[in-house]
Amino acid sequence: MSDPLAAEPAAPSFSPLYQQIKSLILQRLEAGEWKPGEPIPSEMDLATRFRVSQGTVRKAIDELAADNLVVRRQGKGTFVATHAEQHVQYRFLKLVPDNGTPAQEGPAERTIVDCRRLRASAEVARALGLRTGDPVLQVRRVLAYAGTPTILEDLWLPGGPFKGLTAERLDAWHGPMYSLFETEFGVRMVRAEEKIRAVLPDAQQALLLEVTTATPLLSVERVAHTYNDAPMEWRRGLYRTDTHHYRNELG
């Protein structure tokens, strides 16, 4: 039987061969052939499948690993990355305690303030690549550390992929939210872009974070994407920075 990938459109001829193989592997990841946490075929098997050298496959997988899409495990093989793994749980959370590390601090206490379905405004539709009026899910939650409300988040998710997501399911889930998305809804966040600015909270935001309206907060606006660069979440977070700071490693 012929490989179904043979019928798929090839990458442009000017693209390096390993990039073409990376693209084909990404297509299989997006299609769900290999689920988060599952092993992908060996480099030798993939080389045979795509009719290229093992070195070409290795270079493609090197890039996928650098992009945190797959994880190499010594003596076990290469696995599809998952948000449930300890070393990637804090990949998209850049607020860290002034003393210690996020792992030492442990997970935040989470309170779901609101979870409702509504029609996308023009702003939400633009961020998520939807049409104005399309169904979306809005979630508001507070994250507290050592009993102190530290992060207030508003999330907007496209209604279709997250059908069935409720406040009860969010409350019952004890792992990272992105782990819930990939486990229960088959949506894996692989890339995010953020905008950061200093703001003052409104009255309701100040009440939820237990600060005054004169307290400067860090506003972090994030769009998270799944495979094929499809936007799947728009998130606005307000961060207190009296006991935490925003940390990003460059290079």
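Letter by letter, the sequence shown follows residues 55 to 305 in our numbering.
Beta carbons: idealized from backbone N, C-alpha and C, even for Gly.
Bear in mind that the values here come from a model prediction, so they are computed numbers and not experimental data.
Please work out which residues of its chain come closer than 7 Å, Cβ to Cβ, to residue i, disregarding the five sequence neighbours upstream and downstream, and give them in chain order.
i, result
"L118", "K76, I79 and V124"
"V259", "Checking the sequence shown, residue 259 turns out to be Gln, not Val. Taken in chain order, the residues that qualify are L206 and L292."
"Q108", "E97, M98 and A101"
"R126", "A119 and T132"
"A114", "Y72, I75, K76 and I79"
"V142", "Residue placement at V142 cannot be trusted, given a pLDDT of 47 that sits under 50; what the coordinates show is reported in the next sentence. Excluding sequence neighbours, V142 sits near N122 and A135."
"K148", "Y300, R301 and N302"
"S56", "Low confidence applies to S56: its pLDDT is 42, below 50, so where it sits in the model is not reliable enough to give any reading."
"Y144", "The predicted position of Y144 is uncertain, since its pLDDT is 44 and thus under 50; a value taken from the coordinates is nonetheless stated next. Taken in chain order, the residues that qualify are P156."
What is the rounded straight-line gap between the Cα of residue i and the Cα of residue j?
i, j, result
"F104", "G86", "18 Å"
"G129", "N122", "19 Å"
"R164", "L184", "29 Å"
"P255", "E92", "43 Å"
"V134", "P270", "40 Å"
"Q140", "T237", "Any reading at Q140 is ruled out, since the residue's pLDDT is 48, under 50, leaving its predicted position unreliable."
"T202", "P95", "46 Å"
"T155", "H299", "11 Å"
"F239", "P215", "7 Å"
"V167", "W210", "14 Å"
"L263", "K249", "21 Å"
"Y199", "R251", "22 Å"
"A268", "V253", "10 Å"
"R194", "V106", "48 Å"
"T297", "T186", "39 Å"
With a CB to CB cut of under 8 Å and the five nearest residues on each side skipped, what residues in its chain are close to residue i?
i, result
"G213", "R171, D188, P189, V190 and L191"
"P70", "none"
"Y281", "L80, L83, E84, R242 and V244"
Whose C-beta lies closer than 6 Å to the C-beta of residue i among residues of the same chain, with five residues either side of it excluded?
i, result
"F235", "V241"
"H279", "R245 and P285"
"H88", "Looking at the sequence provided, one finds Trp at residue 88 rather than His. Excluding residues within five positions, the ones whose Cβ falls inside 6 Å are I94 and V134."
Would DSSP call residue i helix, strand or coil?
i, result
"R276", "strand"
"L263", "helix"
"L254", "coil"
With 16 as the cutoff for other CB atoms within 10 Å, does residue i come out buried or exposed?
i, result
"E287", "buried"
"A226", "exposed"
"K217", "exposed"
"R301", "exposed"
"A176", "exposed"
"T110", "buried"
Quiz item: Mind pulling the beta strand (DSSP E) runs of 3 or more residues that sit fully within the stretch 192–230?
Solution: As far as the stretch 192–230 is concerned, its whole beta strand (DSSP E) runs of at least 3 residues are 202–212.
Discussion item. Give the list of continuous alpha helix (DSSP H) stretches no shorter than 4 residues that lie fully inside the stretch 101–187.
Written reply: Entirely contained in the stretch 101–187, the alpha helix (DSSP H) runs reaching 4 residues are, in chain order, 108–120, 156–159 and 176–182.
*3-residue-minimum beta strand (DSSP E) runs that sit fully inside the stretch 73–102, ordered along the chain*: Complete beta strand (DSSP E) runs here, min 3: none at all.
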